[in-house]
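Scroll down for the structure; my scribbles are underneath it.
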Amino acid sequence: MYDMKALYEAESVEHAIQLRLEHPEAQIIAGGSDVLVQMREGRRAGKELISIYMIDEMRGISIDKDENIRIGSLTSFSHITRDPIIQKYINVLGEAVDQVGSPQIRNIGTIGGNTCNGVTSADSASTLHAWEAIVELTGKNGVRRIPIKDFYIKAGTVDIHAEEGEIQTAILIPKTSYENTYGHYIKYGMRNAMEIASLGCSVNVRLSEDKRTIERARIAYGVAGPVPMRVPSAESVANGSVISESLLDEFALAVLNDINPRNSWRASRDFRLHIAVEMAKRCLAESIKRAGGVI
Amino acid sequence: MSQYKVVHCNINGKDVEKVVDVRASLTDMLRNEYHLTSVKKGCEVGECGACNVLIDGEAFNSCIYLAVWAEGKHIRTLEGLVGPNGELSDIQQAFIDETAIQCGFCTPGFIMTAVEILEANTLYTDDELRKLLSGHLCRCTGYENILRAVKKTMYRRLGKEIDF
Ligand SMILES: Cc1cc2nc3c(=O)[nH]c(=O)nc-3n(C[C@H](O)[C@H](O)[C@H](O)COP(=O)(O)OP(=O)(O)OC[C@H]3O[C@@H](n4cnc5c(N)ncnc54)[C@H](O)[C@@H]3O)c2cc1C
Ligand code: FES
Ligand code: FES
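Sequences listed follow chains Z and P, in order.
Numbers 13 to 307, taken from our numbering, label the letters of the first sequence in order.
Numbers 1495 to 1658, taken from our numbering, label the letters of the second sequence in order.
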């Protein structure tokens, strides 16, 4: 039995918005794999919850009329990994979320919850940053779409206007972002299953037609700062450069200009800085390979 | 103020309904309302897999799943594997044959994940099987015998020779 004050079950997005406006103190629960654990621990004990878990219209992956990949916020990790659209255009996202917790957690955990919790170690977050995802929020004033980097305000806080009844309804990947683009994610943890990332790194590239030059490289980390972050210094080293072994090293070292990891019980700052360089290099090398390039 | 709701679902092939406290987890509902005590209370925070059941064919830790979300779902627990005269299923027998059980606390959860694995009709590698089983903790047996029980049953169901 959970120590909750009340549970309101939303039947549709409109109903969820209405419930939010009626119960301003209540918190949203999607899959509950963060919320229920925190309720059990006492951190969220005695709260009112608005459940959105039964809103099936918020599940699934499609390509919308503007050719964005549209991922409904309630889509579970395992469904993302198995989805043909994801496998074809942004396979790295499916691979990243396949490293969350365990099979059972990947069946209950949603991508909406993984971003709305504002957690820097979230396994989807660095890849969504590196692919410049757009977050779709729906509230009483309609739909609002913002770049994922603006969605994260600070550790644990994201830009959702609860007072306007907003919930996150989808995550979009624009065509300009996924077209002809290949990526790789590395999660560094102390063990393979049931482990939060000590550091996560996601890189993707688009190569020139002759596959010798990097047209566009993007890199983002989780746990390299209080929120997931892009690394512009490294990107500008790679953009427009001819592929070579030394480029990999230059790119990887440039990450040190931008990242700012902390000491924690999981890993020290120095260790994180050290592995960040190596992870950047390996992720870039693998992304180039997947894009058909040779080093 | 207590809050209750009628939850209709199908459990082990039977359509059922019960009035449930909205604060209940699915573990609470299955154990207290339906006496399905194969569903164990271990960590109750989603880490050990002792409470694992199949919902619409996928494995879920019922301790972090609200009972009210069971509305309209098909739920399967270990009790549903047993035949009409108490016959064990092949995967249960394999756990016995391979000595994949000691205290047995983790076993129902493991077996329900194994059912999902077996029903995929796929020949997984050992590494894939390890990953698929990684949501379960066993404090007695160790994992080798469990892996072997699942692997042997997978080979048998697919009509393949076992390569040990
Ligand atoms: C055993 C275990 C292992 C785990 N391992 C990992 C791991 O390896 N990697 C990892 O990244 N995470 C891990 N997690 C954390 C968790 O599973 C993920 O963060 C998951 O994505 C949360 O999704 P959810 O739907 O369960 O979220 P919930 O718990 O329902 O919600 C999380 C937060 O987001 C808010 N929220 C959710 N959806 C919306 C929405 N649509 N609109 C507005 N607000 C919303 C909620 O109010 C809450 O604050 C683990 C959890 C457990 C229990
Ligand atoms: S009791 Fe549910 S996962 Fe441990
Ligand atoms: S047999 Fe005792 S925990 Fe697995």
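Yeah, the Cβ is synthetic: ideal placement off N, Cα and C, and Gly gets one too.
Just so you know, these numbers come straight off a predicted model, no measurement behind them.
Backbone secondary structure at residue i - three-state DSSP
| i | result |
| --- | --- |
| ILE158/Z | strand |
| ASN192/Z | coil |
| ARG224/Z | coil |
| CYS7/Z | Here chain Z comprises residues numbered 13 to 307, so residue 7/Z is not present and cannot be evaluated. |
| ASP1515/P | strand |
| ILE92/Z | helix |
| GLN180/Z | strand |
| SER245/Z | helix |
| LEU61/Z | strand |
| MET1648/P | helix |
| LYS187/Z | helix |
| MET66/Z | coil |
| ILE172/Z | coil |
| CYS213/Z | strand |
| GLU1610/P | helix |
| ASN1504/P | strand |
| ILE122/Z | Correcting the residue identity first, residue 122/Z is Thr in this sequence and not Ile. Reduced to three states, the DSSP call for THR122/Z is strand. |
| GLY1536/P | coil |
| LEU268/Z | helix |
| ALA1594/P | coil |
| ARG1624/P | helix |
| TYR101/Z | helix |
| ARG284/Z | helix |
| HIS141/Z | helix |
| VAL254/Z | strand |
| ALA108/Z | helix |
| ALA1643/P | helix |
| ILE117/Z | helix |
| ASP46/Z | coil |
Amino acids of chain Z, ordered along the chain, whose beta-carbon sits closer than 9 Å to that of residue i
| i | result |
| --- | --- |
| ASP1620/P | Residues of chain Z passing the Cβ test: none, with the nearest at roughly 14 Å. |
Partner residues on chain P for residue i, Cβ-Cβ distance less than 7 Å
| i | result |
| --- | --- |
| ASN126/Z | Residues of chain P passing the Cβ test: none, with the nearest at roughly 14 Å. |
| ASN119/Z | GLU1552, ALA1553 and PHE1554 |
| TYR65/Z | TRP1563 |
| GLU21/Z | VAL1562 |
| ARG52/Z | GLU1538 and VAL1539 |
Cross-chain neighbours of residue i in chain A, by beta carbon under 7 Å
| i | result |
| --- | --- |
| GLU1541/P | In the structure shown, chain A does not exist; the protein chains are Z and P. |
Partners in chain P for residue i, counting only beta-carbon separations shorter than 8 Å
| i | result |
| --- | --- |
| MET13/Z | ASP1515, ARG1517, ALA1518, SER1519 and ASP1522 |
| MET16/Z | VAL1516 and ARG1517 |
| GLY44/Z | ILE1558, TYR1559 and LEU1560 |
Chain-ordered chain Z contacts of residue i [CB-CB under 7 Å]
| i | result |
| --- | --- |
| ASN1546/P | GLN116 |
| GLN1497/P | ALA18 and LEU19 |
Per DSSP, cross-strand counterpart(s) of residue i
| i | result |
| --- | --- |
| PHE1554/P | VAL1547/P |
| THR5/Z | There is simply no residue 5/Z to check, as chain Z begins at 13 and stops at 307 in what is shown. |
| SER74/Z | ARG82/Z |
| GLN39/Z | LEU61/Z |
| LYS1499/P | VAL1514/P |
| ASN275/Z | Beta-bridge pairing links ASN275/Z to no other residue. |
| ILE198/Z | CYS213/Z |
| MET318/Z | Any question about residue 318/Z goes unanswered here, given that chain Z covers just 13 to 307. |
| ARG32/Z | Bridge partners of ARG32/Z: none, in fact. |
| TYR1637/P | Beta-bridge pairing links TYR1637/P to no other residue. |
| ALA232/Z | SER214/Z and ARG242/Z |
8 Å Cβ cut-off: residues of chain Z touching residue i
| i | result |
| --- | --- |
| LEU1626/P | PRO115 |
| ILE1607/P | Note that residue 1607/P corresponds to Thr in the displayed sequence, not to Ile. In chain order: PRO115 and GLN116. |
| GLY1629/P | GLY113, SER114, PRO115, GLN116, ILE117, ALA205 and MET206 |
Amino acids of chain P, ordered along the chain, whose beta-carbon sits closer than 9 Å to that of residue i
| i | result |
| --- | --- |
| LEU48/Z | SER1519, VAL1539, GLY1540, CYS1557, ILE1558, TYR1559 and LEU1560 |
TODO: Count the CB pairs spanning the stretch 282 to 298 of chain Z and the stretch 202 to 213 of chain Z that are closer than 8 Å, and state whether there are at least three.
DONE: As far as the Cβ criterion goes, the stretch 282 to 298 of chain Z touches the stretch 202 to 213 of chain Z, which means the pair count is three or higher.
TODO: Please write down, chain order preserved, every residue whose beta carbon lies under 5 Å from a heavy atom of ligand 3.
DONE: Matched residues: GLN1596/P, CYS1597/P, PHE1599/P, CYS1600/P, CYS1632/P, ARG1633/P, CYS1634/P and THR1635/P.
- [ ] Mind the definition here: the stretch 155 to 162 of chain Z touches the stretch 188 to 205 of chain Z only if three or more C-beta pairs lie below 8 Å; say whether that holds.
- [x] The answer is no - the stretch 188 to 205 of chain Z does not touch the stretch 155 to 162 of chain Z, with fewer than three Cβ pairs under 8 Å.
Task: Cβ contact check for the stretch 240 to 255 of chain Z and the stretch 264 to 276 of chain Z: 3 or more pairs under 8 Å - done: Short answer: they touch.
Open item on the list: For the pair the stretch 71 to 85 of chain Z and the stretch 48 to 56 of chain Z, tell me if three or more CB-CB distances fall below 8 Å.
Closed with: No, the stretch 71 to 85 of chain Z does not touch the stretch 48 to 56 of chain Z.
Task: Sufficient close CB pairs (3 or more, under 8 Å) joining the stretch 133 to 147 of chain Z to the stretch 105 to 113 of chain Z - done: Between the stretch 133 to 147 of chain Z and the stretch 105 to 113 of chain Z, the count of C-beta pairs closer than 8 Å reaches three or more; the two stretches touch.
- [ ] Take every Cβ of the stretch 29 to 37 of chain Z, pair it with every Cβ of the stretch 168 to 177 of chain Z, and state whether three or more of those distances are shorter than 8 Å.
- [x] Contact holds between the stretch 29 to 37 of chain Z and the stretch 168 to 177 of chain Z, because three or more Cβ pairs, one in each stretch, are under 8 Å apart.
Task: Any 3 or more C-beta pairs closer than 8 Å across the stretch 69 to 78 of chain Z and the stretch 1585 to 1595 of chain P - done: At 8 Å Cβ cutoff, the stretches do not touch.
- [ ] Check whether the stretch 1515 to 1533 of chain P touches the stretch 1559 to 1575 of chain P, counting contact only when three or more Cβ pairs, one atom from each stretch, lie closer than 8 Å.
- [x] Yes, they touch.
Task: Within 6 Å of ligand 2: residues by beta-carbon to any heavy atom - done: Qualifying residues come out as LYS1535/P, GLY1536/P, CYS1537/P, GLU1538/P, GLY1540/P, GLU1541/P, CYS1542/P, GLY1543/P, ALA1544/P, CYS1545/P, ASN1555/P and CYS1557/P.
Open item on the list: I want to know whether the stretch 227 to 234 of chain Z touches the stretch 1501 to 1517 of chain P - three or more CB-CB distances under 8 Å.
Closed with: No, because fewer than three Cβ pairs between the stretch 227 to 234 of chain Z and the stretch 1501 to 1517 of chain P fall closer than 8 Å, the two stretches do not touch.
Open item on the list: Is it the case that the stretch 1568 to 1582 of chain P contacts the stretch 1625 to 1636 of chain P, given that we only count it when at least three CB pairs across the two stretches are under 8 Å?
Closed with: Note that the stretch 1625 to 1636 of chain P does not touch the stretch 1568 to 1582 of chain P; fewer than 3 beta-carbon pairs, one per stretch, sit closer than 8 Å.
Task: Segment contact flag, the stretch 1615 to 1629 of chain P with the stretch 1578 to 1586 of chain P, C-beta cutoff 8 Å, min 3 pairs - done: Result no; under three Cβ-Cβ pairs closer than 8 Å.
Open item on the list: When you compare the stretch 120 to 131 of chain Z with the stretch 148 to 156 of chain Z, are there three or more beta-carbon pairs, one atom per stretch, that lie closer than 8 Å?
Closed with: A contact is defined here as three or more CB-CB pairs under 8 Å, and the stretch 120 to 131 of chain Z fails this definition with respect to the stretch 148 to 156 of chain Z.
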